[in-house]
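Residue numbers (numbering that gives the first Met the number 0): 0 to 479. C-beta atoms are modelled at their ideal positions from N, C-alpha and C, and glycine is treated no differently. Because the structure is a prediction, the values reported are computed rather than measured. Taking it in order: structure first as structure tokens, then the write-up.
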Amino acid sequence: MENLADKLHQEFFRIVSDVGFETNTKVFVIGGYVRDLILERVSKDIDFVVLGSGIAFARKVAAKMGSGVQAKYFKNFGTAMVRKDEWILEFVGARKESYRRDSRKPLVEDGTLDDDQKRRDFTINALSISLQKKDYGRLLDPFNGLDDMNDRVIRTPLDPDLTFSDDPLRMMRAIRFSTQLDFEIEKNTYRAIGRNKNRIKIVSNERVLDELNLIILSDKPSKGFLLLEDTGLLKIIFPQFGELKGVEVINGNAHKDNFYHTLDVLDNLARKTNNLWLRWSALLHDIAKPVTKRYDPKVGWTFHGHEFIGAKMVPRIFKFLKLPMNERMRYVQKMVQLHLRPIVLSEDHVTDSAIRRLLFDAGDDIDDLMMLCEADITSKNDARVKRYMKNFELVRKKLNEVEEKDRIRNWQPPVSGEVIMETFDLKPSKKIGDLKSVIREAILDGKIANNYEEAYKYLLQLAEKEGLKVKKLVKNPEKE
Ligand code: CTP
0 MENLADKLHQ
10 EFFRIVSDVG
20 FETNTKVFVI
30 GGYVRDLILE
40 RVSKDIDFVV
50 LGSGIAFARK
60 VAAKMGSGVQ
70 AKYFKNFGTA
80 MVRKDEWILE
90 FVGARKESYR
100 RDSRKPLVED
110 GTLDDDQKRR
120 DFTINALSIS
130 LQKKDYGRLL
140 DPFNGLDDMN
150 DRVIRTPLDP
160 DLTFSDDPLR
170 MMRAIRFSTQ
180 LDFEIEKNTY
190 RAIGRNKNRI
200 KIVSNERVLD
210 ELNLIILSDK
220 PSKGFLLLED
230 TGLLKIIFPQ
240 FGELKGVEVI
250 NGNAHKDNFY
260 HTLDVLDNLA
270 RKTNNLWLRW
280 SALLHDIAKP
290 VTKRYDPKVG
300 WTFHGHEFIG
310 AKMVPRIFKF
320 LKLPMNERMR
330 YVQKMVQLHL
340 RPIVLSEDHV
350 TDSAIRRLLF
360 DAGDDIDDLM
370 MLCEADITSK
380 NDARVKRYMK
390 NFELVRKKLN
400 EVEEKDRIRN
410 WQPPVSGEVI
420 METFDLKPSK
430 KIGDLKSVIR
440 EAILDGKIAN
450 NYEEAYKYLL
460 QLAEKEGLKV
470 KKLVKNPEKE
């Protein structure tokens, strides 16, 4: 694969090449885009390295590309960004210093292409393509990145201790690329991660989290977590998760290793959904098992209440990892808290009222919850798995039937607080809330149907028992 010219389809590659020719400036495509081009992965971010000023060069490119092109310049970093449709082109002068996209430090010294290539993270990310007229499309591969790509290997171009000390985030990136691409990390590079792991502490949590999320979003996230654990990085960046590892044995009774179990659940789920937050729910569903673990000589190991304690732990973990403290966190909390409910249902006799309660608690997230629960079945016993799956199918069927009939998913009280106040001439007070929740419970238990008429009749009966005087009968306001 010496020449890649016929893979550079977009018109702007020619424009960039022309600008290089006209200004007598050498320019190359470099980094992740070249890697992805060879691996046939889709990428819309292109880095160009220029032997000269990236900003001046980008100005000319933007001008030649014509209308609809936006350009942004970052003087302090000596970089420029040009946007065309969904494409992002970034121009930067070659650097002698280490390449650090997020570095706050201004660039120190201009360098050659060779300087630039060797200060990059991995051989597979250090490939470049010449855009000079005389050898347009030629692949420049001083560190045998192409061989490493063929052999599916992640390796630093220089001594890994140097490459990692230039930017310790690269240790996470090594594991992230290994997981995303299903490559192996070369032995020396891998050992250096173990040696340098503590340096990850100087990297901002946000950058670490970006890499962690990319690992979680991979096809088989367990691969990354096993590497994080084995190198010692996991204990530093996400210690709560590391706590799940290990098996205790009392009187010959062992519990399952919840670290590996959780990774199985995550991999199972990854086969079904790209929803990052559902994947986070899988990661955290058993997070409270270590703190709730007890040994009971009669029944063996128990983890009572781990779903509730786990849900309580979620905000602290989100805060620690710099995950968003908003409705996404509340979604994960809800999933963790409810993750046992469908299992319990499928084991028990499935009553309509239990189904209604689950629909009420899960709301629109019921399908996600079912997906999580199915992924949670990691037994190696085929017969058991089959039995669970059959029961889940039954639960799903029941969920559909009950929802069809009772519309509980996005439940709104059929009788509002205003109606109650008007009926008994009451002021806003706790009493109103109490009445509303008695009505809700009656609906969930199936004593009355989920509609205004039945709920209002029930309200009047309740009131009579409690000695509340009816001031005025109120018709269903929705029907007015
Ligand atoms: N790079 C580096 N060290 C880093 C980050 C980036 O050497 N810590 C270099 C690599 O050559 C990389 C390029 O900068 O290929 C672009 O970085 P980035 O856009 O972050 O990553 P990509 O390799 O493009 O991969 P992805 O888009 O999957 O993040």
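Open item on the list: Out of F27, L145, G416, which one is the CA nearest neighbour of L38?
Closed with: What you label residue 38 is simply residue 39 of the sequence shown in a count that begins at 1. Considering only alpha carbons, the answer is L145.
Open item on the list: Please report the straight-line C-alpha distance between L3 and P156, rounded to a whole angstrom.
Closed with: Position 4 of the sequence shown, counted from the start, is the residue given in the question as residue 3. Position 157 of the sequence shown, counted from the start, is the residue given in the question as residue 156. The alpha-carbon atoms of L3 and P156 are separated by roughly 22 Å.
- [ ] With DSSP as the reference, please indicate the residues paired to E89 in a beta bridge.
- [x] Here residue 89 corresponds to residue number 90 of the sequence shown, with the count starting at 1. In DSSP, E89 forms a bridge with D46, M80.
Task: Assigned secondary structure, D295 (DSSP; H/G/I helix, E/B strand, else coil) - done: Numbered from its first residue, the sequence shown carries residue 295 at position 296. Looking at D295 - three-state DSSP - the assignment turns out to be strand.
- [ ] Tell me whether N124 counts as near the ligand CTP, meaning its Cβ is closer than 6 Å to at least one heavy atom of that ligand.
- [x] Stepping through the sequence shown from its first residue, residue 124 is reached at position 125. Because some heavy atom of the ligand CTP lies under 6 Å away, the Cβ of N124 counts as near it: yes.
Task: Closer than 6 Å: R92 CB and nearest the ligand CTP heavy atom - done: Here residue 92 refers to the residue found at position 93 of the sequence shown. Note on identity: in this sequence residue 92 is Gly, with Arg being the wrong assignment. Checking the Cβ of G92 against the ligand CTP gives no.
Task: Member of N325, L434, E453 whose CA lies at the smallest distance from the CA of D480 - done: No answer is possible for residue 480: it lies beyond the span of the chain, which begins at 0 and ends at 479.
- [ ] Taking the CB atoms as reference points, tell me whether I174 and V207 lie closer together than 7 Å.
- [x] Locating residue 174 in the sequence shown gives position 175, counting from the first residue. Locating residue 207 in the sequence shown gives position 208, counting from the first residue. In this structure, V207 does not lie closer than 7 Å to I174 by Cβ.
Task: Proximal residues to D114 (C-beta, below 6 Å), its chain only, five neighbours per side dropped - done: Along the sequence shown, read from residue 1 onward, the residue named residue 114 stands at position 115. So the list reads K95, once near-sequence residues are dropped.
Open item on the list: I'd like the span of the beta strand (DSSP E) that includes F27, first residue to last.
Closed with: Counting from one through the sequence shown, the residue named residue 27 turns up at place 28. Residues 26-29.
Task: Where the beta strand (DSSP E) through Y72 begins and ends - done: Taking the first residue of the sequence shown as position 1, residue 72 is located at position 73. Residues 68-73.
Task: Which listed residue (K396, R395, E373) has its alpha carbon closest to that of K385 - done: Within the sequence shown, residue 385 is the residue found at index 386, counting from 1. The shortest Cα separation from K385 among K396, R395, E373 belongs to E373.
TODO: Let me know if V28 comes out buried or exposed under the rule of 16 or more other beta-carbons within 10 Å of its beta-carbon.
DONE: Taking the first residue of the sequence shown as position 1, residue 28 is located at position 29. Buried is the call here.
Task: Per-residue DSSP class, three states only, for K200 - done: By 1-based counting over the sequence shown, the position of residue 200 is 201. K200: helix per DSSP, three-state reduction.
Task: Per DSSP, the bridge partner or partners of A253 - done: Start at 1 with the first residue of the sequence shown, and residue 253 comes out as number 254. Note: A253 sits in a beta bridge opposite V248.
Open item on the list: Tell me the DSSP secondary structure of V414 in three-state form.
Closed with: Position 415 of the sequence shown, counted from the start, is the residue given in the question as residue 414. Correct three-state label for V414: coil.
- [ ] Please indicate yes or no: does the CB of L168 lie closer than 6 Å to some heavy atom of the ligand CTP?
- [x] The residue labelled residue 168 in the question sits at position 169 within the sequence shown. Checking every heavy atom of the ligand CTP against the Cβ of L168, one is found closer than 6 Å.
Open item on the list: Below 6 Å, is the gap between the Cβ of G144 and the nearest heavy atom of the ligand CTP?
Closed with: As a first step, residue 144 is located in the sequence shown; it is residue number 145 there, counting from the start. Checking every heavy atom of the ligand CTP against the Cβ of G144, none is found closer than 6 Å.
Open item on the list: Using only the alpha-carbon positions, how far apart do V246 and H284 sit?
Closed with: Walking along the sequence shown from the start, residue 246 turns up at place 247. Walking along the sequence shown from the start, residue 284 turns up at place 285. Rounded to the nearest angstrom, the two C-alpha atoms are 18 Å apart.
Open item on the list: Which residues does DSSP list as the beta-bridge partners of E183?
Closed with: If you number the sequence shown from 1, residue 183 lands on position 184. DSSP, once it has assigned bridges, lists V152 as partnering E183.
- [ ] Report, in whole angstroms, the separation of the C-beta atoms of Q239 and L213, which I expect to be a contact under 8 Å.
- [x] Mapped onto the sequence shown, residue 239 falls at position 240. Mapped onto the sequence shown, residue 213 falls at position 214. Between L213 and Q239 the Cβ distance is about 20 Å, and since that is not below 8 Å, they are no contact.
Open item on the list: Less than 7 Å between the beta carbons of N450 and P413, yes or no?
Closed with: Counted from its first residue, the sequence shown places residue 450 at position 451. Counted from its first residue, the sequence shown places residue 413 at position 414. Yes, they are a contact pair.
TODO: Measure the Cβ-Cβ separation of K83 and V68 and say whether it is below 7 Å.
DONE: For the purposes of this step, residue 83 is taken as the residue at position 84 of the sequence shown. For the purposes of this step, residue 68 is taken as the residue at position 69 of the sequence shown. Yes. Within cutoff.
Task: Pairwise C-alpha distance: V335 and D295 - done: Residue numbering aside, residue 295 sits at position 296 when the sequence shown is read from its first letter. Residue numbering aside, residue 335 sits at position 336 when the sequence shown is read from its first letter. Each residue's Cα considered, the two are about 24 Å apart.
Open item on the list: Measuring alpha carbon to alpha carbon, tell me which residue in E89, I54, W86, I87 is nearest N75.
Closed with: Translated into the one-based positions of the sequence shown, residue 75 becomes position 76. It is I54.
TODO: Give me whichever residues DSSP pairs with S164 in a beta bridge.
DONE: Numbered from 1 along the sequence shown, position 165 holds the residue referred to as residue 164. S164 pairs with nothing; no bridge assigned.
Task: Rounded C-alpha distance that separates E228 from P159 - done: In the sequence shown, the residue the question calls residue 228 occupies position 229. In the sequence shown, the residue the question calls residue 159 occupies position 160. One C-alpha to the other measures close to 19 Å.
Task: Which of helix, strand or coil DSSP assigns to P105 - done: Working through the sequence shown from its first residue, we reach residue 105 at position 106. Caution applies to P105, whose pLDDT of 46 falls short of 50 and renders its modelled position unreliable; the model cannot decide the point.
TODO: Indicate the three-state DSSP secondary structure (helix, strand or coil) for I128 in the structure shown.
DONE: As a first step, residue 128 is located in the sequence shown; it is residue number 129 there, counting from the start. In the structure shown, I128 sits in a strand (DSSP, three-state: E or B).
- [ ] Decide if N195 is buried, meaning its Cβ has at least 16 other Cβ atoms within 10 Å, or exposed.
- [x] Looking up residue 195 in the sequence shown gives position 196. Label assigned to N195: buried.
Task: Cβ-heavy atom distance, G416 to the ligand CTP, below 6 Å - done: By 1-based counting over the sequence shown, the position of residue 416 is 417. Result no, Cβ not under 6 Å from the ligand CTP.
TODO: From the DSSP output, in three-state form, read off N195 for me.
DONE: The count along the sequence shown starts at 1 and reaches residue 195 at position 196. Of the three classes helix, strand and coil, the one that applies to N195 here is helix, per DSSP.
TODO: Express the C-alpha separation of I192 and T291 in angstroms, rounding to a whole number.
DONE: The residue labelled residue 291 in the question sits at position 292 within the sequence shown. The residue labelled residue 192 in the question sits at position 193 within the sequence shown. Cα to Cα, the separation comes out at about 33 Å.
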